Each structure stands twice: as C-alpha cells, then as structure tokens.
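Chains as they are written, first to last, in our numbering: chain Y, 1 to 208; chain C, 1 to 208.
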DNA sequence: GTCTATAATCGGATAGAC
DNA sequence: GTCTATCCGATTATAGAC
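So, in structure tokens, the structure goes:
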C-alpha cells in the first residue's frame with residue numbers, strides 16, 4: 001500500500017501546521033465558550049480572538065457545534081482522572097486528601113475547562129448527560145462503596161460518602177468557577193490558602 | 001392634591017393585573033436566564049414560556065436588558081441577608097452553623113436564582129461587579145474581622161476566615177448550581193443529607 | 001488555506017391595527 | 001393590552017475568487 005504509506009510522511013509540515021491552527025482555534029474558543037456558554041458564544045468572537053476570519057475558522061471545523069464538542073470531549077477525557085487515582089490499597093484519609101489536592105490543582109491549572117463544565121451543568125447538561133450517566137456515575141458508585149468499606153473498618157470517620165464527594169467537587173471547582181467573585185472580594189493569589197484550608201478541613205472531618 | 005390621591009385608588013384592578021403579568025414574565029425569564037445566561041436567552045423563549053407574544057412582553061419591559069436587570073436586582077436584594085444575619089453577640093460555632101443552614105435553605109428554595117448568580121460570575125460578573133465591590137466585599141471584611149475576633153478569644157478553632165466563607169458559599173450553592181449533575185449521579189431528594197453533612201463538617205472544623 | 005461577498009436565518013425591537 | 005407584520009442588525013454557514 002504505497003498510497004497509505006505515503007500519506008503520513010508526504011505532508012508532515014501541512015499536518016503540523018493544521019494542528020497548530022486547530023489549537024489556536026480551540027484555545028480561543030475555550031476562552032469564549034467558558035465565559036458565555038454555547039448559545040452565548042459567536043463564531044465572530046472566536047475567530048477574532050484566534051486572529052482569523054470566520055470562514056477560515058469554518059474551514060478547520062465544520063460548525064460551531066463541532067468546535068464545542070471537541071473542547072468538551074478533550075475535557076471529559078481528563079475529568080475523571082483524579083477520582084480514578086484513588087488507591088483502594090492506600091491509607092484512607094491520605095487517599096482522600098490526595099484526591100482533594102489533585103482536584104484543586106486541576107481547577108487551578110485549568111480554570112476555563114472547569115467553567116466550561118459548570119456552564120454545561122447549569123444549562124441542564126444537555127450535551128454531557130451521557131458522560132454523567134455512563135462515565136461519572138459508575139465511578140462514583142464504585143468510590144462510594146470503597147469509602148463505605150473504609151468507614152466500616154473504622155479507618156475513616158463515619159460520613160455520608162456521596163455528600164463527601166459532592167463537597168470535594170464544590171470546594172475545589174469553586175475557585176475556578178467563581179474566580180471573578182473571589183478576585184473582587186479577596187484579591188491576590190490565594191491558591192496556597194485554599195490548599196491549606198481544605199487539608200485542615202478534611203483531615204478534621206475524616207480522621208476517625 | 002386630588003389627582004395624586006386618586007391615582008392609586010382609581011385603577012386598583014389594572015395595577016394588580018399589570019403586576020400579575022409582570023410576575024408571569026419574570027417567572028418565565030428566570031427559568032431561561034438561569035439556564036442559558038443573558039446572551040444565550042432569547043425573548044421568544046421567555047414570551048412562549050410566559051404564554052404571550054414577544055411584542056406584548058416588550059410592552060411590559062422596554063428591553064431584554066430590563067427584564068434581566070430586574071431579576072438580578074430582586075435577587076441581590078436578598079442575597080446578603082443570611083450573612084447579615086450572623087449575630088456578633090451569639091455563640092460563634094452556632095452562629096456559623098446557623099449561617100450555613102440559612103444559606104443552604106436559600107439554595108434549596110431558590111435554585112434558579114442561585115444559577116442566575118453563578119452564571120453572572122462565570123461570565124466575569126459584568127453586571128454585578130458593583131454589587132460585589134460595594135455590597136458584598138465590605139460585609140465580608142466585617143465578617144472576617146468578627147471571625148478573627150472569635151478565634152483570638154479561643155471560641156472558634158483557628159481557620160482562615162476568608163476561606164471559611166468561600167467554603168460555605170461553595171458547599172451551599174453547589175446543590176442548586178449543579179443540581180443536574182447531582183440528579184444523575186445520586187437521584188432523589190438529598191436535601192436532608194446535605195444539611196446533616198454540612199452540620200457535621202463545620203462542627204468538627206470549628207469547635208475549638 | 002485564506003479571503004470577500006453573500007445567502008439564509010435568527011433575534012431584538014417597532015409600527016400600527018384591533 | 002394584545003396581536004400581526006415588519007424592520008434591521010447579528011449570526012451561522014456557503015460560494016467562489018485568489
């Protein structure tokens with residue numbers, strides 16, 4: 001198959017250039033979608049921020065829906081990693097604290113992705129209900145069972161496991177989703193403060 | 001002044017009817033604005049949900065902006081009440097717990113208002129930065145000072161007061177803002193669970 | 001690959017009849 | 001007060017030149 005063999009090697013420059021342009025578009029689109037949601041975002045805004053014309057943007061992505069779907073897909077691929085990283089063989093309190101830290105780090109490093117997710121949920125999760133049902137929920141069920149086991153063994157204080165997970169999501173994502181409010185009420189970098197507070201809070205709550 | 005005296009009494013039915021229609025519009029608008037934000041919402045959606053034509057809606061409110069401003073104004077009028085309700089003369093731990101309960105009750109009873117607020121913050125708080133700066137921030141400063149005093153007196157465990165307030169906002173509003181996710185991951189009414197969990201969490205954190 | 005021009009539709013707001 | 005008809009700018013997407 002000479003044709004198929006040539007394809008990747010024949011145009012490495014073009015492929016790299018294409019990927020670069022796509023990245024620029026996705027970067028710009030993430031800014032706007034995260035702020036205004038799918039319906040509140042216009043292709044003009046994305047194109048201007050990406051430094052190109054609207055028709056040119058549509059040369060790389062067939063439609064507005066496609067740009068959004070790509071961002072959401074990339075995001076969801078990484079969304080569950082911290083929860084999956086809880087080690088059933090580890091020390092319970094430390095495993096939960098490690099999860100909290102990883103989740104907080106994700107919110108700190110990818111605030112726009114967090115806001116994109118939040119906006120989808122607030123809008124009723126029309127595009128990610130499948131992910132929530134098939135991806136998140138089974139993993140939550142699994143983790144809840146794990147935590148219940150730890151509690152039964154007396155290695156973790158008796159707390160509602162479902163509410164525990166909700167609280168971790170709320171507390172970590174808040175710093176990304178409500179950044180605009182935080183910046184006004186208490187300006188300055190409070191990432192360290194948040195980490196220390198959550199560590200203190202969950203240690204007191206969970207230590208048997 | 002017979003004219004001015006007549007005005008209110010002369011058309012009580014018309015005024016009542018007008019208020020009723022306005023309420024129907026605001027009710028419908030809250031549904032849509034809370035889900036899709038200002039830019040993602042159309043007057044057609046609001047009008048249809050309110051059971052009237054778009055021009056008729058615009059007879060009651062001059063513009064889309066006015067409908068939104070009215071909802072936001074009504075919301076912000078009540079937003080700070082729970083925080084203002086903290087009694088400096090009360091027992092510290094119980095006062096904080098009472099604040100948490102009131103805030104949670106507000107999220108439970110007015111979830112759309114919570115989502116409207118969240119959407120504004122995610123969008124960069126373009127329409128409520130004045131409220132955050134002039135209304136919320138001074139009250140936060142005041143409350144932080146109060147909490148620091150309680151801690152200095154040894155009546156409250158040593159925690160970061162700013163982070164404490166952020167955590168309360170995050171945990172209580174989460175149940176309204178992320179209701180769609182909660183409903184999928186753990187269906188059913190968990191209002192009681194949430195209240196018990198928060199009570200347990202903050203009691204352990206704050207008891208000296 | 002990138003652009004200008006444009007089609008087709010949507011959305012906020014107005015005019016004017018009833 | 002409520003409606004139909006309509007204006008007009010905004011928005012998604014396409015056509016076609018370069």
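Glycine included, C-beta positions come from ideal geometry on N, C-alpha and C.
None of these values were measured; they are calculated from a predicted model.
According to DSSP, simplified to helix, strand and coil, what is residue i?
i                     : result
residue 110 (chain Y) : coil
residue 163 (chain Y) : helix
residue 17 (chain Y)  : helix
residue 205 (chain C) : helix
residue 119 (chain C) : helix
residue 102 (chain C) : helix
residue 51 (chain Y)  : coil
residue 74 (chain C)  : helix
residue 139 (chain C) : helix
residue 8 (chain Y)   : Note on residue 8 (chain Y): pLDDT 49, under 50, position unreliable in the model; the coordinate value appears next. Here residue 8 (chain Y) sits in helix by DSSP.
residue 80 (chain Y)  : coil
residue 129 (chain Y) : helix
residue 63 (chain Y)  : coil
residue 86 (chain C)  : coil
residue 173 (chain C) : helix
residue 153 (chain C) : coil
residue 187 (chain C) : coil
residue 158 (chain Y) : coil
residue 40 (chain Y)  : helix
residue 69 (chain Y)  : helix
residue 91 (chain Y)  : coil
residue 178 (chain Y) : coil
residue 192 (chain Y) : helix
Taking all protein chains shown into account, decide if residue i is buried (16 or more other Cβ within 10 angstroms of its Cβ) or exposed.
i                     : result
residue 20 (chain Y)  : exposed
residue 175 (chain Y) : buried
residue 115 (chain C) : buried
residue 167 (chain C) : buried
residue 16 (chain C)  : exposed
residue 119 (chain C) : buried
residue 2 (chain C)   : In this prediction, residue 2 (chain C) scores a pLDDT of 47, lower than 50, which makes its location untrustworthy; no coordinate-derived value is stated.
residue 191 (chain Y) : exposed
residue 59 (chain C)  : exposed
residue 152 (chain C) : exposed
Could you tell me whether the Cβ atoms of residue i and residue j are closer together than 7 Å?
i                     : j                     : result
residue 88 (chain C)  : residue 157 (chain C) : no
residue 24 (chain Y)  : residue 49 (chain Y)  : no
residue 193 (chain C) : residue 163 (chain Y) : yes
residue 170 (chain C) : residue 105 (chain Y) : no
residue 96 (chain C)  : residue 206 (chain C) : yes
residue 82 (chain C)  : residue 64 (chain C)  : no
residue 137 (chain Y) : residue 185 (chain C) : yes
residue 173 (chain Y) : residue 107 (chain Y) : yes
residue 161 (chain C) : residue 140 (chain C) : no
residue 39 (chain C)  : residue 36 (chain Y)  : yes
residue 22 (chain C)  : residue 75 (chain C)  : no
residue 234 (chain Y) : residue 122 (chain C) : Residue 234 (chain Y) is absent from the model: chain Y starts at 1 and stops at 208.
residue 43 (chain C)  : residue 54 (chain C)  : yes
residue 26 (chain Y)  : residue 181 (chain C) : no
residue 179 (chain Y) : residue 92 (chain Y)  : no
residue 204 (chain Y) : residue 204 (chain C) : yes
Under the criterion of a Cβ to heavy atom distance below 6 Å, does residue i qualify as lining the ligand NAD?
i                     : result
residue 137 (chain C) : With respect to the ligand NAD, the structure offers nothing, as it holds no ligand at all.
**Asked** Of the residues that make up the region 112-132 of chain Y, which ones have a beta carbon closer than 7 Å to any beta carbon in chain C?
**Response** Those would be 115, 118, 119, 121, 122, 123, 124, 125, 129 and 132, in chain order.
**Message:** Can you pull out the residues from the region 74-90 of chain Y whose beta carbon lies closer than 8 Å to at least one beta carbon of chain C?
**Reply:** Along the region 74-90 of chain Y, there is no position whose C-beta sits under 8 Å from a C-beta of chain C.
**Request:** Check distances from the C-beta atoms of the region 32-46 of chain Y to those of chain C and list, in chain order, the residues that come in under 9 Å.
**Result:** Look at the region 32-46 of chain Y: the residues with a C-beta under 9 Å from a C-beta of chain C are 34, 35, 36, 37, 38, 39, 40, 41 and 42.
**Item:** Near-chain Y residues of the region 50-66 of chain C (beta-carbon distance less than 7 Å), N- to C-terminal order
**Value:** none
**Request:** Report the residues of the region 185-196 of chain Y with a CB closer than 8 Å to any CB of chain C, ordered along the chain.
**Result:** Cβ proximity to chain C below 8 Å picks out 185, 186, 190, 193, 194 and 196 from the region 185-196 of chain Y.
**Message:** So if I threshold CB-CB distances at 9 Å, which residues from the region 135-155 of chain Y count as touching chain C?
**Reply:** 136, 137, 140, 141 and 144
**Asked** Which residues, in order along the region 14-26 of chain C, keep a beta-carbon less than 7 Å from a beta-carbon of chain Y?
**Response** none
**Message:** Beta carbons nearer than 9 Å to chain C: which residues of the region 161-182 of chain Y have them?
**Reply:** 162, 163, 164, 165, 166, 167, 169, 170, 171, 172, 173, 174, 175, 177, 178, 179, 180, 181 and 182
**Message:** To be precise: take each residue of the region 90-106 of chain C, compare its Cβ to all Cβ atoms of chain Y, and keep it if any distance is under 9 Å. Which residues remain?
**Reply:** Along the region 90-106 of chain C, none of the residues has a CB nearer than 9 Å to a CB of chain Y.
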